[in-house]
Structure formats: structure tokens, C-alpha cells
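Number of protein chains: 2
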Amino acid sequence: MKKTKPSSVVIVGSVALDSIQTPVESHTDMLGGSASYASVAASFFAPVKMVGVVGADFPKTCVQLFRKRGIDLAGLQIAEGKTFRWAGVYEWDYNTRRTLSTDLNVFEQFNPTLPADYCDAPFVMLGNIHPALQHCVLDQVRKPKFILCDTMNLWIETAKPELLRLLKRVDALCLNDSEARELTGLTSLVKAGRAILKLGPRYVVIKKGEHGALLFSNGDFFSAPAYPLEDIHDPTGAGDCFAGALIGHVAKGGAVTIAALRRAIIYGSVVASYNVECFSLKRLETLTSRDISRRYAEFIRLSRFHAP
Amino acid sequence: MKKTKPSSVVIVGSVALDSIQTPVESHTDMLGGSASYASVAASFFAPVKMVGVVGADFPKTCVQLFRKRGIDLAGLQIAEGKTFRWAGVYEWDYNTRRTLSTDLNVFEQFNPTLPADYCDAPFVMLGNIHPALQHCVLDQVRKPKFILCDTMNLWIETAKPELLRLLKRVDALCLNDSEARELTGLTSLVKAGRAILKLGPRYVVIKKGEHGALLFSNGDFFSAPAYPLEDIHDPTGAGDCFAGALIGHVAKGGAVTIAALRRAIIYGSVVASYNVECFSLKRLETLTSRDISRRYAEFIRLSRFHAP
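Set out below in C-alpha cells:
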């Protein structure tokens, strides 16, 4: 079989230092942010070009982790001041998260500027940041083959017009179940997914946490299985890892097809399921392609019901 | 391929006349009850022997529906007095149900007595009724090959010791996600499912409504996909249909294997998904085996991600 050379993926988002409390542990100033999680997750599948900003205080060990994963950091600005910091706490069931503090720091003046060789990347992931910044990245890329956009409730509530304008410029939107309901005002996820298709994107991916994920497109529906996670240590970044691995896998094959997207959603679930096993990106630091293949095979086994 | 003659299934449960309000419709004295839904659902796969009680006022049309589905009614007692009645209302999202009234009537004195030829049935479904009555049925069957038990939060709250004793006598327990959490005190469904296995049954099926279902057994885990239901008219009886079709399908093949149970869970989901499309058992009245096969094929399509 002829192996395609993986296409590169530009990933923009936040790079942060997170302080997180769970019912059993707490950690301070750990590597976080949507671009960090998504880029490392995608790097298992395709070459990644990161776009973001950090302060002068950004730990060298974090830069080393990105480099070790082969991530192109030409688009990672180092600005005067402190790195973006976020602090949050998870409730006893790990499903409810409360933000304790957000210090934008260097992120406040962030103006994503793509190095020249980023602009021709065929795959673009707009990680979870303000829609205005996501627009700004799209203004710089030339002819991307596939644009995946992630978002969150904050932007639905505070920047809806910009988000709606963005939806007309992207190929796929990735969001979680409560965000899909909030964006559309519909309680049925099936109705919400179909309604979002009408807002612009050709593909809509609804993440349902422990219940798997749904993919909507015109004329097709895919229901990804729930993975039996017993021990969650830190849910932070699961959605970013999911989206990063998803676009990484599609970029690896190069062709944007329903079949590729279905598999990519499973790979996204695999990487996200590993990520929540440890704090920050600790689990991904030691993750191997072999681990990914093993759990992908497990997904096949746990969801099979019809003998071929 | 040699076709096995389907084994018969004894199904015990309530037979009721339900009055139901949803945000858009309301109906009075419609056929309901766990035995009604489960028996009709199972009848698409295997011969069913029903056990229950109705009053003298039980409509002939309901009896005709059972007969039309070939259900053996020798175990359906007709007692003096009125049929069990239940009235409830569904909230706007169809997920929250409030009971308005419960009139046990003839059900109050119900003492399930199995006709002689019921006692050797290889498959037994203990539909959702008081655990004491479920015990009473088990005391009468001789050597069943497979016993499936359904239950609800009411019995977990009011008859837990009897329920726990019952779990040591059955092969499989079927319950929904909130009931699994309530029974075990565990929020993680994976932990809850594994914990219930330790209470006795070899198989635990957790129904997750719109999110599909999970099957736990020693050394195996199955995650059934969510089906994209857009229009729910009446969720009543979905769980009973699921369990009835499940045991019906296993009885059809005769062998209790993981592979058969996985398929049976999909057939359960198929019949339940049809049932919620209309009030009461209206949709099942006109359902055909062809409809079931068609939606089963749809389940294969919507959950496939790996090219064989």
C-alpha cells in the first residue's frame, strides 16, 4: 500500500499555565491551553505548526516537550510579560468545573501572526480562543483543504455574532453537548447537530464526554462509542486533545472523507482517554503510537456487535 | 444454515392502563405496563408466555393485540375489580417524568401463578414489578437457562434487601444509568456496572436513554451506539421494550453468548426506538420484522468506523 506523506496542520489556540484542583489532587502552573493539548495530540499523526503566545516566564521544559514532539514553534511568540494563567476546580464528579481565576497576561495583546511557510498548510485547527482571533488566522491562510474550529460556551455567550460569521468560513465545528444546546436552543442533540449544519460547517462533531461523540454531515450520521474510563485524574484538555488528534489523523491520510472522519473521531477519543489519566500533558509525554493503536483496537472490540 | 427453533420466554410484569401527558399530547387509559411492552417486543423474536393480572374492565382490544402477536395468555389472570392504572406527565425535555397517580387495584393482590407448561420455559424475564413478586416467579420455574431481571428506582429505595437477594438468583440485570448510580452509590457508570457484577448477575446492562447502552460481564465490555431519535412522542415503556426484545432475540438463537447478547442489545435499542415514536404500543402494533431488520442495518451503518 502506498503511504501518503502526512499533510501539515496549523494549530492556533492558547498556551497557558494551569492551576487545577480535583477532589483528590491539586497542581500549580502546569502546562495547559488549547494549542498545547491539541498540538501535542495532533503530533502523533502529522507535522504540527503551532501558533500562540507565551510570556518570558514560560518554562523551558514545556518548550522542550513541544520540540520533542517535533512541533514547529516558529509561530509561537514570546512576549514580554507573564504567560496566560488559568485556575479552576473540579467538583466531586469531575463533570462540573469552576473557574477560580483567569489572568490573560500576554494573551491580552495576542495578535496571531503566521510565519510565511504556515500560510500554505492544508489543514488548519482553530483551537478554542476568541472567535476574532480565529478569524484573524483564517485571514492569513491561503487555500486550506480543511478547517476545524473548536469553541466554548464563553464565546457563544459573549461573541455570538463573530462565532456565527466564523461558522460560514470553516469546514467543521467541534463542540460539546451543552454548547451545542446553548448555541441552538435545542435540547435534542440530533436536532442541534442538524441545526448547526445549517449555520455553515459541512461537518459537526458533538462531544458527549463519557458517552462518546456524534458526527453530523449532510446525509450521514456517526455515533462513536463510549469508552469505559474508570479513573479520571484531570479532565482538562480532553476536548482539545480530541480535536487535535482528529485533525491530525485526517491530515495523516490527507483525504477529507466521511470514512476518514469517522476513524479520526475514534483516534480523537483514544488520545483524549489517555490524556485524562494524568494531570496536564503528563500522560501524552510518554504516550506512544503503539499505545494509540492498542486502544484503537480496543474501541473496535468494545463496539462490535455484528459479525462481518 | 440450520435454523434453531426459538425457545420460549416467560415474561412477568405489570399490565396497566396508563394516562400520559407530554408537552404536546395527552391520552387516557392506554395499554401500558412492563409485561405488556416487554411481551409485545419479545414476540417479534420468540414465543412469549405472559404472566400478569388485569381487572374485568380490561379492554378486549388490548387482549386482541396480545393475541395478534401470538402471546400465550394462559398466565394472564383476570381478577374481579379494576385494572392497575398509572398516570404521569413528562416535562418539556421528555427526560423528567412525574407520577400523578398510581391505582394498584387488582395488582394489589397479585400473586403470580405460572401455568404448568410455563415452568419449563428456558428464558425468563422478570419485568419491572416488586422484587417479592419476581422472587415468587423464580420459585416456580424449574431450570431456566437465562433469567433477565429489570427493576426501577422505587424498588432500590423501598425493597433493597429483597432486590439484593434477587440479584444472586438472576443471570442478568437491566437498569438505567441513574438507577445503577443509586444502587451502588457510584457516579462512574463503569465502576457502577462492575460493582453490580459483584452483587450476583453475570451480566449487567445499563441503559443510557439517548446515549445508548453498556453491557458488562466478567472480562468483556460492550458499548452500544446512540441512535439519532429526532421525534419522541412517548418515552413510556422504552426500557421494557428494550429488555423484552433483548431476551426475545437471545431466546430466538437459544445460546447465551456475549456475541448474542451484544446483538440482542442492538435489537433491544431498535424496538425501543420504534416504540417511542407513538403513544402506548401503537407503533409496535404495526411494526414488522422487516422494519426491525432495516433499523438494525442502520445501527450497523451509523456505528461503523473501521473498514473490515
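These protein sequence lines map, in sequence, to chains A and B. Final position of the first sequence in the working numbering is 329; the numbers increase by one with none missing. Final position of the second sequence in the working numbering is 329; the numbers increase by one with none missing. The beta carbon of each residue, even a glycine, is placed where N, CA and C say it ideally should be. Keep in mind that this is a model prediction, so the values were computed, not measured.
query                                                                                                                                                           : result
By how many angstroms is the C-alpha of A/His327 removed from the C-alpha of B/Pro329?                                                                          : Reliability of the predicted coordinates at B/Pro329 is poor, the pLDDT of 48 falling under 50, and the value obtained from them is presented with this limitation in mind. Between B/Pro329 and A/His327, the C-alpha separation is close to 11 angstroms.
Suppose only complete runs of 4+ residues qualify. What are the alpha helix (DSSP H) ranges in the region 161-243 of chain A, listed by chain order?            : 174-179, 181-188, 198-205, 210-218
With a cut-off of 8 angstroms, does the C-beta of B/Leu323 fall near any C-beta of chain A?                                                                     : yes
Report the three-state DSSP secondary structure of B/Ser11 (helix, strand or coil).                                                                             : Here chain B comprises residues numbered 22 to 329, so residue 11 of chain B is not present and cannot be evaluated.
Please report the distance separating the alpha-carbon of A/Lys181 from that of A/Thr208.                                                                       : 19 angstroms
Let's see if you can read the secondary structure: which residues bound the beta strand (DSSP E) around B/Gly109?                                               : 106-111
Could you list which residues in chain A have their beta carbon closer than 8 angstroms to that of B/Thr278, in chain order?                                    : Simply none; closest approach about 11 angstroms.
Using CA atoms only, rank isn't needed, just tell me which of B/Asp138, B/Val110, B/Pro133 is closest to B/Thr123.                                              : B/Val110
Pick out whichever of B/Asp78, B/Val84, B/Glu183, B/Leu235 has its Cα sitting closest to the Cα of B/Asn126.                                                    : B/Asp78
Considering A/Ala318, what are the terminal residues of the alpha helix (DSSP H) in which it resides?                                                           : 310-324
So, at 8 angstroms on beta carbons, what are the nonlocal neighbours of A/Leu188 in its own chain, with the 5 sequence-adjacent residues on each side left out? : Cys170, Leu194, Ile217, Leu220, Gly221, Pro222
Please decide whether A/Arg90 counts as near chain B, where near means a Cβ-Cβ distance under 8 angstroms.                                                      : no
Mind reading off the beta-carbon distance from A/Val72 to A/Ala56? Whole number of angstroms is fine, and I expect it under 8 angstroms.                        : 7 angstroms
Would you call A/Thr82 buried or exposed, if buried means 16 or more other Cβ atoms sit within 10 Å of its Cβ?                                                  : exposed
Between the region 249-279 of chain A and chain B, which residues of the former have CB atoms less than 9 angstroms from a CB of the latter, in chain order?    : Pro249, Leu250, Glu251, Asp252, Ile253
Taking B/Thr104 as the reference, which of B/Ile92, B/Met51, B/Phe65 has the closest Cα?                                                                        : B/Met51
Which residue marks the beginning of the beta strand (DSSP E) containing B/Lys70, and which one marks its end?                                                  : 69-76
Compute the Euclidean distance between the alpha carbons of B/Asn239 and B/Tyr224, then round it to the nearest angstrom.                                       : 8 angstroms
For A/Tyr118, decide whether its Cβ has a neighbour in chain B, counting only Cβ atoms nearer than 8 angstroms.                                                 : In the sequence under discussion, the amino acid at residue 118 of chain A is Arg, which differs from the Tyr named in the question. Not one chain B Cβ lies under 8 angstroms of A/Arg118.
Quick check on A/Ala318: buried or exposed, where buried means 16 or more other Cβ atoms within 10 Å of its Cβ?                                                 : exposed
From A/Gly255 to B/Arg90, what does the alpha carbon distance come to, in whole angstroms?                                                                      : Sequence check: residue 255 of chain A is Asp here, not Gly. Distance between the alpha carbons of A/Asp255 and B/Arg90: 52 angstroms.
Is there a C-beta anywhere in chain B that falls below 8 angstroms from the one on A/Asp312?                                                                    : no
Am I right that B/Ser301 and B/Phe65 are in contact with their C-beta atoms under 8 angstroms? What's the rounded C-beta distance?                              : Not really, about 17 angstroms apart at Cβ, beyond 8 angstroms.
Leaving out five residues before and five after A/Leu97 in sequence, what residues of the same chain have Cβ atoms less than 6 angstroms from its Cβ?           : Met71, Gly73
Is the shortest distance between the beta-carbon of B/Val31 and the beta-carbons of chain A less than 8 angstroms?                                              : no
Could you check the C-alpha separation between B/Ile41 and A/Gly269 for me, to the nearest Å?                                                                   : 49 angstroms
Do A/Ile227 and A/Gly148 have their CB atoms nearer than 8 angstroms?                                                                                           : no
Return the CA-CA distance between A/Cys140 and A/Gly265, expressed in angstroms with no decimal places.                                                         : 19 angstroms
Output yes if chain A places a C-beta closer than 8 angstroms to the C-beta of B/His327; else output no.                                                        : yes
Would A/Thr309 count as contacting chain B if we go by Cβ distances under 8 angstroms?                                                                          : no
Out of B/Trp107, B/Ala62, B/Ile99, B/Arg106, point me to the one whose CA is closest to B/Leu86's CA.                                                           : B/Ala62
Give the DSSP-derived three-state secondary structure of A/Val271 in the structure shown.                                                                       : helix
My assumption, with CB atoms under 8 angstroms, is that A/Ser60 sits in contact with A/Ile92. Please give the rounded CB distance.                              : 5 angstroms
Under three-state DSSP, which class holds A/Arg90?                                                                                                              : coil
Let me see if you follow: with CB-CB separation under 8 angstroms, is A/Val211 close to chain B or not?                                                         : yes
Over the uninterrupted alpha helix (DSSP H) stretch that includes B/Val158, give me the two end residues.                                                       : 152-159
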